Every structure is written in structure tokens, then in C-alpha cells.
Amino acid sequence: MVFEVLTIFPAIIEAYLSESIMRRAVERGALRVDVYNIRDFTTDRHRQVDDYPYGGGAGMVLKPEPVFNAIEHIERDGLERRRVLLTPGGRVFSQSIAEEYARQERRILLIAGRYEGIDERIRTVTDEELSIGDYVLTGGELPALVIIDAVTRLLPGVLGDSRSAEEESFTTGLLDHPHYTRPVEFRGMRVPEVLLGGNHRLIRRWRRREALRRTLRQRPDLLDKADLSEEDQELLEEIKEEEE
-12 MVFEVLTIFP AIIEAYLSES IMRRAVERGA LRVDVYNIRD FTTDRHRQVD
38 DYPYGGGAGM VLKPEPVFNA IEHIERDGLE RRRVLLTPGG RVFSQSIAEE
88 YARQERRILL IAGRYEGIDE RIRTVTDEEL SIGDYVLTGG ELPALVIIDA
138 VTRLLPGVLG DSRSAEEESF TTGLLDHPHY TRPVEFRGMR VPEVLLGGNH
188 RLIRRWRRRE ALRRTLRQRP DLLDKADLSE EDQELLEEIK EEEE
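Take the sequence shown: its position 53, counting from 1, is numbered 40 in the working numbering, and each next residue is one higher.
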């Protein structure tokens, strides 16, 4: 999987990629991230990437020239890419989009904006716009890392056990079930007996029940979209009766 990131702060991206699962994914060859500094594609001696907005107003605007220059430089190899502009007004990134990205062979070029906004003409060279939520960040570096992280976890071999990604929250359409590790008892709080018994059928059923319970409590809206089996529906009715 190849990501390319256009940013004026490459160190932010590189620092995250040097740790934990991302680092291992890079070392194993499952992930490649090419980071490009937008300043390297300026043409003035001050390496200016922003300027004042026409019409007045607060803040600075990311200039179009260095972004266009960078994209043209990157695409000289003739490879197919998906150009993604990271902006608060974009489509909200989700697990389904992460899964879509993980399946495709095209490179993904992430354009991280900064300052008050981007020159509108930059939008003419992008394929889509993504946001990670209804709030404003200082720049697009954090959204870029969120997308890279979410997609990388889905790549074969990255997590070691494929079930890790398959069973996580949102992958199944529900929130994740509770997890426990040693000790069995801690400050009066004990691991549920079903998890200690070794009966995998009962454990699977308990986990599904608790995932449904947690989703009902915290994100009931997800239940409207979840693909629930007949057994799920029965468990959900039992949970609702218990919660009353």
C-alpha cells in the first residue's frame, strides 16, 4: 500500500510512522509512505506557501502554485492515483472508506492543508475531499495520519492475527465487546466467569451480547445500519428487557 502526503510539516508525519504498528508495517513492506514538503515546490527565495486572502479577512491561505507543482512532480511517473484533499468540509472518513482504500491498488495522495484554508483552485486537481469529523483542526496532518493508520491496520499481515481487525469496533457494524486480561480479580472487579471456562461457543455468544449491549447504550444509531442476524435480534431483545 502506497500513500503520498503533501504537507508543510513533514516531521509530524514521519514521527508517527517511526513508531509501533506503522513502523513494523513499513519495515515489512506492507506500507510505504512518501512525504513531500510543499515548501520544496515554491519558486521564490522565501519559500512562501501562503498569502493573504483576496477580499480581506483573517488568516492566511495556502497558495495554489506549490501544490500544483508538487502534484505535477509526483505524477511524472505516470502511475494512477487517488488525490484526496483533507478539509473540514469533506465527506466524513469512516471504517467503510478505510476498507475501500485498503482494497484498491491505486496510490493515495493526501493533501494536508494549513492556515485559514486553501486557494479554491486547488480543488480542481483533487478527486475527493475527506474530513475526520465536524470540527476544525490546525492542519491536515492529523487527518492524514488517521486515514493512514485506519487503512494500514486492514492490510494483510500488519496486525499478525487477521481477527484483530475483523473483530474491532465498526468493522462488524457494532462497538467492540469488553476485554479482560490478568489478574482475574482486581480491586473487587472480577473477570466474567464465562471467559475463564474455555467454552468457545459460550464465549462467542457472550462477546456478541456485550457488543450489542455496549452499542445499544453508547451508539444506538449504529443498530439501524448493522447487519443483525436472527440470533442478534433475540439477544438484543433480551438486553433491552434487562436494561429496563
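Virtual Cβ for every residue (Gly too), placed ideally from N, Cα, C.
These numbers come from a predicted model, not from an experiment.
By the CB criterion at 8 angstroms, residue 30 and residue 52 fall inside the cutoff. The criterion of a C-beta distance shorter than 8 angstroms is satisfied by residue 72 and residue 116. In this structure residue -11 touches residue 19 by the C-beta definition: roughly 5 angstroms separates them, less than 8 angstroms. Look at the beta carbons and you see the stretch 128 to 139 touching the stretch 6 to 20: at least three pairs across the two are nearer than 8 angstroms. Around the beta carbon of residue 199, 16 or more other beta carbons lie within 10 angstroms, which makes this residue buried.
Secondary structure note for residue 88: it is in no beta strand (DSSP E), and the uninterrupted alpha helix (DSSP H) holding it is 82 to 90. In this structure, the beta-carbon distance from residue 209 to residue 160 falls below 8 angstroms.
Residue 196 sits buried, since 16 or more C-beta atoms from the chains shown fall within 10 Å of its C-beta.
Counted as a single uninterrupted DSSP element, the stretch harbouring residue 99 is not any alpha helix (DSSP H) but the beta strand (DSSP E) occupying residues 94 to 99. Between residue -4 and residue 128, the C-beta spacing is below 8 angstroms. Beyond the five residues adjoining it in sequence on each side, residue 93 comes within less than 7 angstroms, by CB distance, of 67, 68 and 69 in the same chain, given in chain order.
Under the three-state reduction of DSSP output, residue 219 falls in the helix class. Distance from the CA of residue 35 to the CA of residue 46, rounded to the nearest whole angstrom, comes to 15 angstroms. For residue 24, the enclosing beta strand (DSSP E) begins and ends at 19 to 24.
For residue 73, the three-state secondary structure derived from DSSP is strand. Under the three-state reduction of DSSP output, residue 55 falls in the helix class. The DSSP-derived three-state label of residue 103 is coil. Contact between residue 120 and residue 79 holds, since their C-beta atoms are separated by about 7 angstroms, short of 8 angstroms. From the listed residues 173, 55, 54 and 106, the smallest Cα separation to residue 40 is found for 106.
Residue nearest to residue 112 within the set 229, 214 and 57 is 57 (criterion: CA-CA distance).
Looking only at 163, 143 and 99, the smallest Cα-Cα distance to residue 133 is reached by 99. Relative to residue 0, the option among 211, 188, 89 and 23 whose CA is nearest is 23. The residues 181, in chain order, have a CB closer than 6 angstroms to that of residue 189 in the same chain once the five nearest residues on each side in sequence are set aside. The shortest C-alpha to C-alpha distance from residue 193 to any of 166, 125 and 228 is the one to 166. Annotation for residue 115: the continuous beta strand (DSSP E) segment containing it runs 115 to 118. Between residue 162 and residue 206, the gap from beta carbon to beta carbon is short of 8 angstroms.
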